Structures are given as C-alpha cells and as structure tokens.
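Residue numbers (my numbering): 68 to 314. The structure appears right after this line, and notes come after that.
As structure tokens, then:
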C-alpha cells in the first residue's frame, strides 16, 4: 500500500497564508509565491552554457512568441533504504502546475547566490538542491552534504502549465538515498507527500489525476531503470549529453 505520511488540507492552507489578489492566471497565489517570482534564475543555451539571468517570473511566463526562456533547474529523487521514492503534491498556490504530483523536489539554482553558480562537479546545483529541500520539505541543511546528492544526468524539456505560464529547463537529475532525514513540509510549497514503492509506482502513475510533465517524462524515459539500479548508478551516469525529452 502507498503510505501517505503527510497531508496539508486546504483549510489549514488558508489559515496559514495570506493570498495576494493579483491575477496570475490561477485561482490563488500566496504572498510568498509572489515574492519568489523576483528570484533570479540562470539563463542557459541548449548546451547548458550560461547566457544571462532573469527573474523567475520572466523565466516562466510565456512571451508574445509563445516561448519560455531556457533556464537551469534540478529535480531531486529521494529514496529510503526500502527503495521507496518520496513524491510530493505541489500546493494549490504554486504558479506552475499547482496540485500536481511530482518527484521529491524541483527548483532552480539562483543567480544571486554566488555558490550556486559554481559549475564544477555540479556543486552549485547540489547546494541549491540542499537549500530547496530545506525550504520545501523542512529537511535541515546540515543533514545533507553536497556529496550525498548523486548527479546522474541532465534533461532538456519544455511544457505549458496554462496559456500564461510554462517551463523550459535544462534539468539536473539528482538522486539521494537516506533514511535518517527530518521531513516537515512547507504548506506553501507542498500539500502532501507519499513514499511509493517500485511495485506500486506503475499503478500510481496510471491513477493519479495530475502530475507534472517533467516527472512524467522522466518516468517514461528511464526512471524505472535507474530505480532498479540504485546500487549501480555510477554505470549510468552521463555528464556529457543533455537528453531532449518530449511530453
């Protein structure tokens, strides 16, 4: 059975946050989510070479040409010793893909944080992942070292959330296997988390009503293969190629 270990119901969400009244093309946007739109993401070309920076809003708002700027991101997949994967349901205040299930944590390194720009061995990405695991899931930053995060490969994908917002990212795939982490989800980011086993994931993917496109694309690409080989990920590591995925 899939084990739900946390739920944050909508009435709790309303009590804990104040919603901004601006029109972002979705029903509700919290002040925290609105403020996060001013964070600065790293713009890259198709080879993942930095070409500038732009606000999170500019990096996710579909422009007049129907495009979203390509920027750098990461996706974390946390497994426990039972090889169960921790999934999260994005809160209903997320600007892109609210109420969608996805992998453990997804976000961006920020241009305004100098140590997240560093590229050697993806150290900046790993630091950003630790920061976001703390912010989204309440995992204390001192419980994870950058070396704990296994940088597997990169994907390039694009997807629209609605007619105003979308994603276009070079996404670093990071795996982490730990049992001893403190998890206390941030209700502004996460409404539910579940540990899902390898034997349950296929049915989960068939029955869950909403999921993020990047998680679905990664699942359809090689997630099950990687999952079956958690003990031998080094053999599947690819830092040379960027895999183009289509939904």
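The beta-carbon is built from N, C-alpha and C at its ideal position, and this holds for glycine as well. Note that the structure is predicted; figures quoted are calculated from it, not measured.
* Asked: Smallest Cα separation from residue 211: which of 242, 162, 186 and 308?
  -> When 242, 162, 186 and 308 are compared, the shortest CA-CA separation from residue 211 is found for 242.
* Asked: What's the C-alpha gap between residue 310 and residue 168?
  -> One Cα belongs to residue 310, the other to residue 168, and the distance between them is close to 22 Å.
* Run the CB neighbour count on residue 255, radius 10 Å, all protein chains shown included, and call it buried at 16 or more, exposed below. => Buried, because 16 or more other Cβ atoms sit within 10 Å of the Cβ of residue 255.
* Have a look at the DSSP bridge pairing and note the partners of residue 257. => Note: residue 257 is bridge-paired with 157 in the DSSP secondary-structure output.
* Taking C-beta to C-beta, are residue 213 and residue 199 nearer than 8 Å? -> No, these two residues do not count as a Cβ contact at 8 Å.
* Distance, residue 137 Cα to residue 290 Cα -> Rounded to whole angstroms, residue 290 to residue 137 spans 23 Å at the Cα level.
* Asked: Which of helix, strand or coil does DSSP assign to residue 309?
  -> Note: residue 309 maps to strand in three-state DSSP.
* Same chain, Cβ closer than 7 Å to residue 151, five either side skipped, listed in chain order -> Closer than 7 Å at Cβ, skipping near neighbours: 262, 263 and 264.
* Asked: Less than 8 Å separating the beta-carbons of residue 157 and residue 166?
  -> Against a cut-off of 8 Å, the Cβ pair of residue 166 and residue 157 comes out as a contact.
* To do: Can you have a look at residue 102 and say buried or exposed, based on whether 16 or more other CB atoms are within 10 angstroms of its CB?
  => The residue in question, residue 102, is exposed, as its Cβ has fewer than 16 Cβ neighbours within 10 Å.
* Asked: By Cβ distance below 6 Å, which residues in the same chain neighbour residue 208 in space, the five residues on each side in sequence not counted?
  -> Excluding positions up to five away in sequence, the list reads 197 and 201.
* Spatial distance of residue 216 from residue 314 (CA atoms) -> Between residue 216 and residue 314, the C-alpha separation is close to 26 Å.
* Asked: Ordered along the chain, which non-local residues of its own chain (more than five positions away) have a Cβ less than 6 Å from that of residue 225?
  -> Within the same chain, residue 225 has close Cβ partners 235.
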